[in-house]
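Per UniProt numbering, the sequence shown runs over residues 1 to 468.
Ideal Cβ positions, reconstructed from N, Cα and C, are used throughout, including at glycine.
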Amino acid sequence: MILPVIMAGGSGSRLWPLSRTLYPKQFLSLTSPSTMLQETVARLDGISHQAPFFICNEEHRFIVAEQLRQEQLAHSGIVLEPVGRNTAPAIALAALHATSNGDDPLLLVLAADHVIQNQQAFVDAVNSAIPLAEADKLVTFGIVPNAPETGYGYIRQGSAISETAYHVDTFVEKPDLVTAQEYIATGEYYWNSGMFLFKASRFLDELDTHCPDILFACQQAMSGAHGDLDFIRLDEAAFSACPDESVDYAVMEHTQDAVVVPMDADWSDVGSWSALWGVNPKDVHGNATRGDVLMENTTNSYIYSQNKLVATVGVDDLVVVETKDAVLVAHKDKVQDVKGIVEQLKQAGRSEYLQHREVYRPWGSHDAIADGERFHVKRLTVKPGEKTATQMHYHRAEHWVVVSGTARVQNGDKTFVVGENESTYIPIGVPHAIENPGKVPLVLIEVRSGSYLEEDDVVRVENYGIGY
């Protein structure tokens, strides 16, 4: 049986301002109404498999759980990495978990942030690789290239094993353009997709041979792990001591049993805005758009509107992305330099690199609406049956106005119900919480007023969840 292992970590900056550190691209809807994480699970249809196993950063745990809940997707566990340690340790954690009860499934290792437009070709490639993995081979899937791409690593095929598989001759780093053109001309090279299929035990054996320090650290981290709701929390100290290494460097480049199965599935890792333009449908002028967009004399551009009307006139080869708190305008040939803007934001201590204006929490979300010298306004949405943490503030009072739904409010030692078009006032220093006892989302407007309005003016009184 196949156990899909979906790696949902990472906090890439190349799709800023849509992708943020606390809400990276794997959780975004970029090519369909579903998120990239949800699409990764959906494309497993046609493959006999167990419920997927997920690996993600600790700060993304509730996003993963919520996106699985939205689609009613089952899982075999969600491991939380307290720190990022690359793909080799992540896969080791999955293999150790998979073999802990005596089973030895085939691990189908997938990244949660890839686009695959030809699902049947993906399914066919995986199914053709199953006999190889069952015969103790370590299979990697090589993407049949359609251009001399310099942003991907390559795999050179060796001798043929069958009509659909080859021994791996070598893994090569990202080439320059001339070298990439030479690779394509030979017909012997594939893009390195970062997708794999192998027995859990075989991977652990190879890791023990070539990088025993990674295996030891992961064994220690798993032995000290404990459950927390849907999540598996590792021993933080043990995992932090683990070397940071990719699966290619740790295992695949050293094993004698590496096999490449070609996959021609319209694959992309969507590593830039120009790549996203490439995989989206375009109009007759070569434009890909999303949201409220008007264009006049515009060609070969990607225009994304999240919140406002975006209009373009007389432009070519541009990327324009509007979000609630930022606008990006870039030439398509320069989009790799977006990471420089993200670095400037980090150095300036600005929040736009870290999170969106709308922030998601286990109980719902909050969205900043307006700021002033002594006031701050937010829209809060509380999911049915959920409740915020009980907390208090020393420098601000709060006014709550219910827009829709019904709120059960804890205000000091009193608990009462506030309905639509009603409001309540929370004085400074009074413990308070909001609960949604109803069946529909609760939406309210929160107005903060006082001398200090930042998020760190909060004291948890009784933790019913994660506060805001």
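Beta-carbon proximity list for residue i, same chain, < 7 Å, skipping 5 on both sides
i: Arg43; result: Ile116, Gln119 and Phe122
i: Ile143; result: Tyr190, Trp191, Ser193, Met263 and Trp267
i: Asp230; result: Ala65 and Ile78
i: Glu58; result: Leu80, Glu81 and Pro82
i: Asn86; result: Asp244, Glu245 and Ser246
i: Glu322; result: Tyr304, Ser305, Gln306, Asn307, Lys308 and Val310
Proximity winner among the options, relative to residue i (alpha-carbon distances)
i: Ile2; options: Gly102, Pro89 and Val126; result: Val126
i: Pro17; options: Val338, Val443 and Gly405; result: Val338
i: Asp371; options: Asn86, Ser449 and Ala258; result: Ser449
i: Gly364; options: Leu276, Val443, Thr186 and Arg460; result: Val443
i: Pro362; options: Ile155, His254 and Glu435; result: Glu435
i: Met36; options: Met263, Pro384 and Ile63; result: Ile63
i: Val313; options: Val178, Gly102, Asn297 and His331; result: Asn297
i: Gln391; options: Val459, Glu352 and Asn421; result: Val459
i: Val178; options: Glu163, Leu107, Pro33 and Ala147; result: Ala147
i: Cys171; options: His366, Gln347, Glu253 and Leu229; result: Checking the displayed sequence, the identity of residue 171 turns out to be Phe instead of Cys. Closest option to Phe171, Cα to Cα, is Glu253.
i: Glu163; options: His376, Asn307, Ala389 and Met263; result: Met263
i: Val447; options: Thr424, Ile6, Asp124 and Pro212; result: Thr424
i: Glu182; options: Pro82, Phe416, Thr150 and Leu207; result: Thr150
i: Asp176; options: Leu197, Glu188, Phe198 and Gly153; result: Gly153
i: Asp325; options: Gly340, Ser351 and Ala133; result: Ser351
i: Ala74; options: Pro52, Trp273 and Gln336; result: Pro52
i: Ser274; options: Asp235, Ser128, Thr255 and Asp317; result: Asp317
i: Ile47; options: Pro145, Asp124, Ala407 and Val319; result: Asp124
i: Glu455; options: Ala407, Arg20 and Ala368; result: Ala368
i: Ala217; options: Ser240, Thr299, Trp400 and Asp228; result: Ser240
i: Leu107; options: Glu134, Phe198 and Tyr23; result: Phe198
i: Ala288; options: Gly385, Leu68, Leu380 and Lys332; result: Lys332
Rounded Cβ spacing between residue i and residue j (contact assumed at less than 8 Å)
i: Ile78; j: Ile232; result: 7 Å
i: Met222; j: Leu354; result: That belief does not hold up - the Cβ atoms of Met222 and Leu354 are roughly 30 Å apart, past 8 Å.
i: Cys242; j: Pro89; result: 5 Å
For residue i: DSSP bridge partner residues
i: Leu177; result: According to DSSP, which records beta bridges pairwise, Leu177 is partnered with nothing at all.
i: Pro4; result: Leu108
i: residue 478; result: Since the first residue of the chain shown is 1 and the last is 468, residue 478 is not available in this structure.
i: Pro17; result: DSSP, once it has assigned bridges, lists no residue as partnering Pro17.
i: Ile445; result: Arg379 and Val401
i: Phe196; result: Val109 and Thr140
i: Glu358; result: Asp367
i: Val168; result: Gln157
i: Leu93; result: Answer is none; Leu93 lacks a bridge partner.
Same chain, Cβ closer than 8 Å to residue i, five either side skipped, listed in chain order
i: Val279; result: Thr31, Val115, Gln117, Asp266, Ser268 and Val270
i: Thr99; result: Ala200, Ser201 and Leu204
i: Phe375; result: Val447, Arg448, Ser449 and Leu453
i: Gln50; result: Met1, Ile2, Leu3, Pro4, Ser76 and Pro105
i: Ser34; result: Ala42 and Glu71
i: Ala397; result: Tyr425, Ile426, Pro427, Ile428, Arg448, Ser449 and Gly450
i: Leu234; result: Val79, Leu80, Glu81, Pro82, Leu93, Ala221, Met222, Gly224 and Ala225
Proximity below 8 Å, CB of residue i to CB of residue j
i: Val109; j: Ile130; result: no
i: Thr186; j: Val168; result: no
i: Val247; j: Tyr166; result: no
i: His366; j: Lys378; result: yes
i: Ser305; j: Gly291; result: yes
i: Lys387; j: Ala433; result: yes
i: Val382; j: Val402; result: no
i: Leu132; j: Phe196; result: no
i: Ala311; j: Leu328; result: no
i: Ser11; j: Val342; result: no
i: Gly438; j: Gly405; result: yes
i: Val315; j: Ser272; result: no
i: His60; j: Ala8; result: yes
Residues of its chain near residue i, where Cβ-Cβ distance is below 6 Å and the 5 sequence neighbours each way are ignored
i: Arg156; result: Asp169, Thr170, Glu188 and Tyr189
i: Glu206; result: Val251 and Thr255
i: Arg408; result: Val417, Glu435 and Pro437
Residue i Cβ short of 7 Å to the ligand MG heavy atom set
i: Asp457; result: As for the ligand MG, it is missing from this structure, which has no ligand bound.
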